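What follows is a short report on a single structure.
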Amino acid sequence: MSPEQLKKSIERTRKLMQEAAKKLDFLEAVQYRDELLKMEDYLAELLKN
10 MSPEQLKKSI ERTRKLMQEA AKKLDFLEAV QYRDELLKME DYLAELLKN
């Protein structure tokens with residue numbers, strides 16, 4: 010996955026997380042948050058190299 014694709018995926022996941030939180034579905038929001046953190050870490054590694 011390219012950095013640009015990963016950035017788009019991060020934005021989609023962030024929106025899904027926010028929507029879940031608005032619906033008060035905090036378990037789903039936490040899952041999206043965890044996925045988001047992993048993707049952000051991976052992006053940082055890609056950009057470091």
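Residue numbering for the sequence shown is 10 to 58, as defined by our numbering.
All C-beta atoms, glycine included, are put in the ideal place defined by N, C-alpha and C.
Note that the coordinates shown come from a computational prediction; the quantities given were computed from them, not determined experimentally.
Coarse secondary structure for residue i, derived from DSSP in three states
i, result
"K47", "helix"
"M10", "coil"
"L33", "coil"
Exposure of residue i, with buried meaning 16 or more beta-carbon neighbours within 10 Å
i, result
"M10", "exposed"
Below-7 Å beta-carbon distance, residue i vs any chain D residue
i, result
"L25", "Among the protein chains of the structure shown there is no chain D, as only one such chain exists."
Spatially closest choice to residue i from the options, by CA coordinates
i, options, result
"T22", "Y41, E13, L33", "Y41"
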